Amino acid sequence: MKYLLTPLALIFFSSLLLAQQQELHISGKIIDEQRNAIPFGNAAVYNASDSSLVTGAFSDADGKFQIGIKAGTYYMKITFLSYEEKTIPDIRIIDKNISLGSIILKATSDVLEEIVITGKKEAMELQLDKRVFNVGKDLSNIGANASDILGNLPSVTVDVDGSVSLRGSENVTIWINGRPSSLTSRDPDALRKLQGNMIESIEVITNPSSRYDAAGEVGIINIILKKSQERGFNGSFVANAGYPTLFGGSYSLNYRNKNLNFFSSYGIDKRRSPGNGTSFQQYTSADTSFAYTQNNDRSRGELSHNFRLGLDYFLNDKNSITGSFTYNTSDGLNTATAEYLDYDENDFITNTTLRTESEAEDEKNIELNFNYTKDFKQKGRKLTTDFQWIKSVDNESTDYNQLTNETEIIAQRSVNDANESNWLFQSDYIQPFSDDSKFEAGVKTTTRVIKNEYIFEQQDEDMNWIPFDAFTNNLVYTERIHAAYAMASTKINKIAIQGGLRGELSDITTELTATNELNKQNYFKLFPSAALSYELKKNNTLQLSYSYRISRPRFRDLIPFSNFSNPRVFFGGNPNLRPEYTHAYEVGYLLEWSKGSVLSSVYHRHRTDVIQRITEIQEDGVARIMPINLAKQNAYGIEFNLSYDILPWWKFNTSANFFRAITEGVYQEEDLFSDTYSWRNRTTSKMTFFGNLDFQVSFNYRAPQVTTQGKRLSSYSIDLGLSRDVLNGKGTITAGVRDLMNSNKRRYIIDTQGYNSNSEFQWRQRQFTVSFSYRLNRDKERQRDRSSGGEDEEF
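So the number in the working numbering is just where the residue sits in the sequence shown, counting from 1, plus 4.
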């Protein structure tokens, strides 16, 4: 318990130190020549002695601003797009607050036809239908990859194998820029290959409407990559370094004129992540019993490159075309050493086994995207068309060497080659009838073909490699999904109503060519959705929503081939898995005020044909883990998100998810009923010192949870971050540590008839990171002709 108090102590004492500084205020109101308030006007305070930027603020909806500052001599600059800059000299602050009154800005002669102003983004933006997390605002994300960043999000968990869970379920759909990606389609661990500094934001949509794919029991996580729409030439550069081994860098550039927007980004990342684990396994039966302990040391090394190149072409103010090319490659070398100690029923050691593993991985992905967007004369009427092609190749080769009692030597090797192709076509249309009513419709078709060859061999006494036919096969997976949807929405006074229906035709074939096993599934399903929201009063909204969803088996859950990292525990897929179906209900309440917002949700999910992982003990004592469809599950939960500015210099965010899951099922006459309660929390405190020095403390906690055959124990972690702007606001230096206490470990207990185990594993140890970023031509707000639409915002 004392460890759990550590983050609270860090937050308390850091704020106590800052509270001892005496802080005064400069206030004023920005207006135009007609005395109309100017919202989002920029009020910047500079040191009179060296002209360095001290602090600043944006004006609110009434044009008012208030800036906290220490005693001293300053001058201010008041700016707003299309208005002349105004300088206020010789501001002396001694022992009292200063009010500047009304500050009048004069309009310039070259007023733009259309200007979009964006104020300072918060780390978390709450909306009724989704939550938006601005990655760069969270200091714990420095030097992180996409998988690390997802693990930092409230209600999201990333396990040691890269599997992503939302609200306690792994059945979540992950997109990049609103579409499937080569980094999300087949191997969840591939998200570690995407550098975090290439990500702009992440959207979490917990109960999607019929506009979105029906796949994903608990919703959609959409990763938005950086792409600027600012005029002229601008961009950013980032360099990272850390320990354990971490080196990386990236750039994001764009050039925009009246008709063209050229954008490009590149990232390189080299890291080595050490990990370790221990486990105890015990087997008992009527005539014998034995046990063993296992100690693991792992090291995961990788060098990855991500390159993106694209062009927006604005034919006119109503038509635009976007094309982009993405290429990423990764070379990895992963090593592991495992020591096994076997015990008899009297706890005497009978065997000692040492097993080493060396895996080389080479992965390449190519992605092409094309988008056409047409805006009609009628406001809100819009047509978009998208095409996507993805090609992925992943080659893995692994060598195993095993030594038992220093005499018996076994040499094994495996080859796992995967080749994947994806095609997507999508078109969406929006027809408004009034400012508050509209109709939407669209079609989408996707084709996915994966060819996976797995070969496992063992060396005999004559040094010949002999294949194991039972573990050698070729799998061809073909998935074709054709969908169409229609939606209508309207608003009557304070009540908004939305209803939709999506139809999906699924044609899926799984073929094992070596053994001539064929599994075909062809089915058509309708997926309705509905939502109703009521504005109780201004900035105070209640929403009810429902959707029917499907969770198709993941590719790796269909592959029957085993992973031989641990010869005593095999994981193999099940090509006969059926999809899960979910009825999802949610009630959300959003309250917003000047200093913060609260989003609370109550949800219920009723699932059928639930896929669960079952552990079986074979006659030779080897445990086999495989997924099966296990009856039904009812899940209930309450989620709470709070974003609050305690003081102008102190921002506080906390999110908690409390849930209960009741699973009913029987497997081989064993009752696998489970009733589990658990909760998760992420709390972040961010404080600003001296105007441009940010300090952040983040705390993550995952409570224990009962599983189908055992229990997952609690885990927690603490992250620290420190950031300061330099070079007149064009550069930022950031330092941080992930998992300060080195406590983020996964611990599991399995307890079934004749078998129990207790294991602990740490995938990545404590990480220290420093980062420097430089912004080119982005030292102030810039003009935009259009919002950042195109491929980055269309679904």
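Every residue gets a Cβ at the ideal spot worked out from N, C-alpha and C, and that includes glycine.
This structure is a prediction, so every number in the text was calculated from the model and none was measured.
>> For K134, tell me which candidate among L358, I225, K386 and R276 has the shortest Cα-Cα distance.
In response: I225
> In terms of alpha-carbon separation, which member of N261, L358, R779 and D366 lies closest to S308?
Replying inline: D366
> Helix, strand or coil: how does DSSP classify S56 here?
Replying inline: coil
>> So, with DSSP's three-state summary, where would you put V176?
In response: coil
> So, helix, strand or coil for D473, using DSSP?
Replying inline: helix
>> Please report the straight-line C-alpha distance between S425 and E349, rounded to a whole angstrom.
In response: 52 Å
> Would you report the Cα separation of T667 and Q637, rounded to the nearest angstrom?
Replying inline: 4 Å
>> Would the segment 246-257 count as touching the segment 603-617 if we require 3 or more Cβ pairs under 8 Å?
In response: no
> At which residue ranges does the segment 549-579 contain complete alpha helix (DSSP H) runs of 4 or more residues, listed in the order of the chain?
Replying inline: 559-562
> CB D390 to CB Q430, shorter than 8 Å?
Replying inline: yes
> I35 and G67 look like a contact to me (Cβ under 8 Å); what is the Cβ gap, rounded to whole Å?
Replying inline: 6 Å
> Which of helix, strand or coil does DSSP assign to D152?
Replying inline: helix
> Does the segment 568-577 come close enough to the segment 546-553 to have 3 or more Cβ pairs within less than 8 Å?
Replying inline: no
>> Helix, strand or coil, according to DSSP, for N746 in the structure here?
In response: coil
> What whole-angstrom Cβ distance do V774 and A739 have, given they're in contact under 8 Å?
Replying inline: 5 Å
>> Here's the rule I'm using: 16 or more other beta-carbon atoms within 10 Å means buried, otherwise exposed. How should E88 be labelled?
In response: exposed
>> Per the DSSP calculation, T736 is bridged to which residue(s)?
In response: D729 and S777
>> I want to see whether chain C comes within less than 8 Å of T161, judged by CB atoms only; does it?
In response: No chain C is part of this structure, which consists of one protein chain only.
>> Please report the distance separating the alpha-carbon of V49 from that of M202.
In response: 31 Å
> Where does M3 sit, in a helix, a strand or coil, going by DSSP?
Replying inline: In this structure the chain extends from 5 to 799, so residue 3 is not present and cannot be described.
>> Does the structure place the segment 540-549 close enough to the segment 503-519 that three or more beta carbon pairs sit under 8 Å?
In response: no
> Are the beta-carbon atoms belonging to Y752 and R716 less than 8 Å from one another?
Replying inline: yes
> Exposed or buried, G236, counting other C-beta atoms within 10 Å across all chains shown (16 or more means buried)?
Replying inline: exposed
> In whole angstroms, what separates the C-alpha of N40 from that of I107?
Replying inline: 11 Å
>> Please give the ranges of any alpha helix (DSSP H) in the segment 339-382, keeping only runs that are unbroken, at least 4 residues long and fully inside the region.
In response: none
>> Just to check my reading of the structure: V772 and Y247 have Cβ atoms closer than 8 Å, yes? What is that Cβ distance to the nearest angstrom?
In response: With the sequence shown as reference, residue 772 is identified as Phe, and Val is not the correct amino acid for it. Their Cβ separation, rounded to whole angstroms, is 5 Å, which keeps F772 and Y247 in contact under 8 Å.
>> Since T177 and G220 should fall inside the 8 Å C-beta cutoff, what is the C-beta to C-beta distance between them, to a whole number of angstroms?
In response: 3 Å
>> Looking at the secondary structure, which residues open and close the beta strand (DSSP E) in which D390 lies?
In response: K386 to T408
> Just checking my contact of A660 with V573 at CB under 8 Å: how many whole Å lie between their CB atoms?
Replying inline: No, A660 and V573 are not in contact; Cβ-Cβ is about 34 Å, not under 8 Å.
> Starting from E508 and walking both ways along the beta strand (DSSP E), at which residues does that stretch end?
Replying inline: I499 to L516
>> Taking a contact to mean a Cβ-Cβ separation below 8 Å, would you say L428 touches P652 in this structure?
In response: no
> DSSP state of M202, grouped into three classes?
Replying inline: helix
> Among residues of its own chain, excluding the 5 on either side of P708, which ones have a beta-carbon nearer than 8 Å to its beta-carbon?
Replying inline: S682, K715, R716, L717 and S718
> Who are the Cβ neighbours of R779 in its own chain at under 6 Å, not counting the five residues just before and after it?
Replying inline: S240 and K734
> Candidates F475, I754 and T514: which alpha carbon is nearest S418's?
Replying inline: F475
>> Is it buried or exposed, V467, if we count other Cβ atoms within 10 angstroms and call 16 or more buried?
In response: Per the sequence presented here, residue 467 reads as Met, with Val not at that position. It is exposed - the Cβ of M467 has fewer than 16 other Cβ atoms within 10 Å.
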